[in-house]
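Q:
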Amino acid sequence: MVLVKRIKPLPLGGILIPLLSIVIGILISTIILYVIVGASPIITLSCVVSSLISPEIVLTFLFLTILGVALLVAFSGSIWNIGAEGQLWLGTAAAAYVALFTTLPQAPIVAKIVMVLLAMVLGGAWAAVAGILRAYLNIDEVPVTLIMNYIAYYVINYLVRGPWLGKETWGYIRTDMIPDQVKFVLIPGSTTITYEVLILAVLTIALTYFMLKYTALGLRIRILGSNPDALKAAGVNVRALIITALAISGAIAGAMGAAQLAGYLHRISYPIESHTANYGYTAILVAWLSMLDIRAIPIAAYIVSALYQAGISMQIAGVSGASATYVFIGTVLLTFTVLRVFSEYTIKIVRR
Amino acid sequence: MTESKAYNSNFSLKINTPIVSVKNISKRFPGAVALDNVNFDILEGEVHALLGENGAGKSTLVKILYGIYSPDKGEIYVRGRRVRINSPKDAIKHGIVMVSQIPQIIDRLTVAENIILGLEKYGLTSRISEVRDFIKVKSKEVGIAVDPDIEVWKLSYTQKQLVEILRALLIGARILLLDEAITFLPLIEKRKFYKFIRNFVDEGGSVVLITHKIYEAMDIADRITVLRQGRVVGTVRRDEVSPDDVRKMMFAEKSAQITYERLPTSKPRDVVALEIRDLWVMGDYGVHAVKGVNLTVKAGEVVGIAGIAGNGQKELIQAVIGLRKVEKGNIMLYSEDVTNKGVAKIRVKGVGYIPDQPARFGVSLDNNIEENLAMLPAITRRIIKWGAVRELARKLINEFNILTPSSKAPVKLLSGGNIMKVLVSRELFVAKRLLVAYNPTRTLDEVTAIMVRKIIKEKAAKDGVGVLIASEDLDEIFQIADTIAVMNSGKIVGTFPGDKANRDEVERLMVM
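Protein sequence lines, in the order shown, are assigned to chains S and Y. Everything in the first sequence is counted per the numbering used here, starting at 672 for the first residue and increasing by one. Everything in the second sequence is counted per the numbering used here, starting at 451 for the first residue and increasing by one.
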């Protein structure tokens, strides 16, 4: 048996392989949960199925879509931004600053726009730091972006405990609630989805799709992943390109951070590390599962959010602990990593 | 013309059974040229050249022999027994080892460490002292010194290729596949390899020499098999044919286009396109590679730099284009000082650049032809107009006869020569004022190479573009250059008008 490289990737491989990975991954997770914690396969599978159609996953789906796109931008250029988590929390902090400590909320629409924009600037700048280190000193962006997540957590923790501590917190360490007029507007019938988040998700996908497909910047980011030397000889400023790619990635993550504050959290609570949903990390799976195709990002985000929800349902049903959440996601991802080989390779049986 | 000096043996067709026999091999790629029922024998103790134009299927055939590709159809026999070669490991078991044109060695390790590593990969072991001795003895035999304890990044290309070949021998190669492995070496050093190869086959080894250069095949091969469009045109004995016969086999009716006559001298305009003043540039190893070069290229003029590889041509060209820092001196582009302005600023002023490693500095292999055009700042500034890019791609594909399934196929599916055509056509398109080239045709077959030279010359004569071309191929320099500058040890040691230059004099200055 030998692996032979396909001349063209498997047709429909972009859809078939993720789907197959999910089915196999869920089955393996079911077995794991049965063997280790004795969870009944029927309950496990029903939790998974009900999560797939649960309305509770919509918000997670939208957040992961936005973040998935953010990471896709960097990953397309083989720049491994592991720092979406920190970038998005800085976005949250930026939005909180505008909402709590400026007079802008008197003009709600302006305030909302400024919240998102400032969040983008801060998230982008935070990511650009790693970009500058990579571009000028050739320092690997993976540890840098990862470490900067914790710096972001602690900076915000400091702010929330100190200068930003709210007045009406009943003993909790947290900021005040942002003014009602800058909270995002709920869609009728939903308790979590807001118009603004929806618009943000659609805009992010549309603009990023356009950027990657129709601009020189997008094309060059894609080529950066395969041959930076050719770009350099062609007359492209590769340093600026690396910094720009990371900055865009961080800016989109920052925007999602603002949306999380104005659309859902409405305040920041101490300590961040135990209040975060870790979307910034989960989104890495989304981007990876999409095989770096932006059209597959919403599909991947949907699947990951459903599995995420399935883990929570298992917890509520009392069959397993919090770790079940990641059993599903981890197993599916591992299966996918193995199976995606077949998009590029085919197995050929050869007699010896 | 290079004379064909005999490194051929007293080889005669003994009643040999072929050591390796390829029968009815076919391999299909979508759209691109494939192998069609190829039959091919390698005898013990022969140098067998596999010759063909760009995209003829030579590389595909050896990659099948080495287990990198698997054939759709056909059989391989080693010493009369049918074998299946599914990986290089299988090939090595049968004594078949390939050396390609790109060194596959790790820069940070020493020569000896690299070789040990190569052996371990195939389950072989050897003591480092033995490897060291082997390198010392063999490098002496070849006449190219290689210190076994030196880090590989300090070696020249020739030395790296020698290390590759020595490693192949230590792995136990009985049939050595040289896939353009010595094609790009400077002539003097190439001749040293010829002798070495001859010794190897005299001791019973066999060599398959894959090349697109007729003279390389004529210099060293005992037999020559010519491939054209994936089919075997024929196998001939070297001593029965002339270069012209082989050329006809390679190119059929197109061989009439091959000529080494000087292209008509163009009339330079009265404008200086490029002026280089007292230029000093550092090489890779912390010593000056370019030492005070002065050179002028007028608009419409082709200036050719002749010289043996490693005399500072590469560094000079890279400095002009902005890829290498200028230590001292000035580079003026149409009277504008562009010294150390950086490649981005220089290129958008209408400067085309043809590097000699197309896959690394020219194109992005994972992307298609359209994307490889659109990536250039000189073609796209911000928003890509895909319609216009597609039209340009089609035009270039037609004009240069680029063999590709479509303008949307990843460039990596193309043969080496066709990849070079993509690069050359693109750079000629963007070279509105100056074209800078380093060995622009060395991966191209004769027909294509001559076509490219004609187009470059026309570009100079008609559009008034200044052209600075450095090439290790003296035929090329003599064919195309209006002015020949000879470069030796980082300096220009002589300048001649192209039509009056004396070849012996130029060669003397090159090796002086």
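Just so it is clear, CB atoms sit at the ideal spot from N, CA and C, and this is done for glycine as well.
Report the CB separation of Y/G940 from Y/L724 in whole angstroms; it is logged as a contact under 8 Å.
A: Not really, about 19 Å apart at Cβ, beyond 8 Å.
Q: Rounded to the nearest angstrom, how far is the Cβ of Y/V886 from that of Y/V770, given a contact under 8 Å?
A: 5 Å
Q: What do you get for S/I810, buried or exposed, if any count of 16 or more other CB atoms within 10 angstroms of its CB means buried?
A: With fewer than 16 other Cβ atoms inside 10 Å of its own Cβ, S/I810 counts as exposed.
Q: Helix, strand or coil for Y/F461 per DSSP?
A: At Y/F461, the pLDDT of 48 sits below 50, so the modelled position is not reliable; the number obtained from the coordinates is stated separately. In the structure shown, Y/F461 sits in coil (DSSP, three-state: anything other than H, G, I, E or B).
Q: Is the distance from the Cβ of Y/V549 to the Cβ of Y/A671 below 8 Å?
A: No; because the gap between Cβ atoms is not below 8 Å, this pair is not in contact.
Q: State buried or exposed for Y/K912, treating a residue as buried only when at least 16 other CB atoms are found within 10 Å of its CB.
A: exposed
Q: So what does DSSP say about Y/L500, is it helix, strand or coil?
A: Y/L500 falls in the strand class under three-state DSSP.
Q: Looking at C-alpha atoms only, which residue of Y/E821, Y/K741 and Y/K748 is the closest neighbour of S/T886?
A: Y/E821
Q: In three-state terms, what does DSSP make of S/S961?
A: coil
Q: So, helix, strand or coil for Y/R970, using DSSP?
A: Outside the displayed range of chain Y (451 to 962) lies residue 970 of chain Y, so it cannot be described from this structure.
Q: Which ranges does the beta strand (DSSP E) cover as unbroken runs of at least 3 residues, wholly within the stretch 832-865 of chain Y, from first to last along the chain?
A: none
Q: Opposite Y/R532 in the DSSP bridges: which residues?
A: Bridge partners of Y/R532: Y/Y527.
Q: Closest Cβ-Cβ distance between S/T886 and chain Y: below 8 Å?
A: yes
Q: Pairing CB atoms from the stretch 849-868 of chain S with CB atoms from the stretch 780-793 of chain Y, are three or more of them under 8 Å?
A: no
Q: So, is the C-beta of S/I1053 closer than 8 Å to a C-beta in chain Y?
A: Residue 1053 of chain S lies beyond the range of chain S shown here (672 to 1023); nothing can be said about it.
Q: Between Y/G914 and Y/S865, what straight-line distance do the alpha-carbon atoms span, to the nearest angstrom?
A: Their Cα atoms are separated by approximately 32 Å.
Q: When the distance is taken between beta carbons, is Y/E496 closer than 8 Å to Y/S692?
A: no
Q: When you compare the CB positions of S/A745 and S/S920, do they come within less than 8 Å of one another, or not?
A: yes
Q: Whole angstroms are fine: how far does the CA of S/T773 sit from the CA of S/P689?
A: Using only the alpha carbons, I get a separation of about 46 Å.
Q: So for Y/D540, helix, strand or coil by DSSP?
A: helix
Q: Can you pull the chain C neighbours of Y/P827, defined as C-beta to C-beta under 8 Å?
A: Among the protein chains of the structure shown, namely S and Y, there is no chain C.
Q: Assuming Y/V902 and Y/V874 form a contact by the criterion Cβ under 8 Å, report the distance between their Cβ atoms to the nearest whole angstrom.
A: Contact flag correct, Cβ pair sits at about 6 Å.
Q: In three-state DSSP terms, what is S/H946?
A: helix
Q: What's the C-alpha gap between Y/T854 and S/R893?
A: 22 Å
Q: For chain S, find out if any of its Cβ atoms is closer than 8 Å to the Cβ of Y/A794; answer yes or no.
A: Yes, Y/A794 lies at the interface with chain S (some Cβ there is under 8 Å from its Cβ).
Q: Answer with yes or no whether the minimum CB distance from Y/S454 to chain S is below 8 Å.
A: Residue placement at Y/S454 is poorly supported in this model, since its pLDDT is 41, which falls under 50; the coordinates still yield a value, given next. Output row for Y/S454: interface = no.
Q: So with CB distances below 9 Å, who are the chain S contacts of Y/D816?
A: R893, I894, G896, S897 and N898
Q: Which class does Y/M732 belong to by DSSP, given the choice of helix, strand or coil?
A: strand
Q: At 7 Å on the CB atoms, spell out the chain Y contacts of S/L743, in chain order.
A: None at all; the shortest Cβ gap to chain Y is about 17 Å.
Q: Does the Cβ of Y/N868 have 16 or more other Cβ atoms within 10 Å, making it buried, or fewer, making it exposed?
A: With 16 or more other Cβ atoms within 10 Å, it is buried.
Q: List, in order along the chain, the chain Y residues whose C-beta lies closer than 9 Å to that of S/L902?
A: S814 and M825
Q: Report yes if the CB atom of Y/Y975 is closer than 8 Å to the CB atom of Y/S471, and no otherwise.
A: Nothing about residue 975 of chain Y can be reported from this structure: the residues present for chain Y run from 451 to 962 only.
Q: Please classify S/Y941: is it buried, with 16 or more other beta-carbons within 10 angstroms of its beta-carbon, or exposed?
A: buried
Q: Rounded to whole angstroms, what is the Cα-Cα separation between Y/Q763 and Y/V731?
A: Rounded to the nearest angstrom, the two C-alpha atoms are 11 Å apart.
Q: Give, in chain order, every unbroken run of the alpha helix (DSSP H) that is at least 4 residues long and sits entirely within the stretch 746-775 of chain S.
A: Here the runs fully enclosed are 755-772.
Q: Could you compute how far the alpha carbon of Y/K862 sits from the alpha carbon of S/M848?
A: 57 Å
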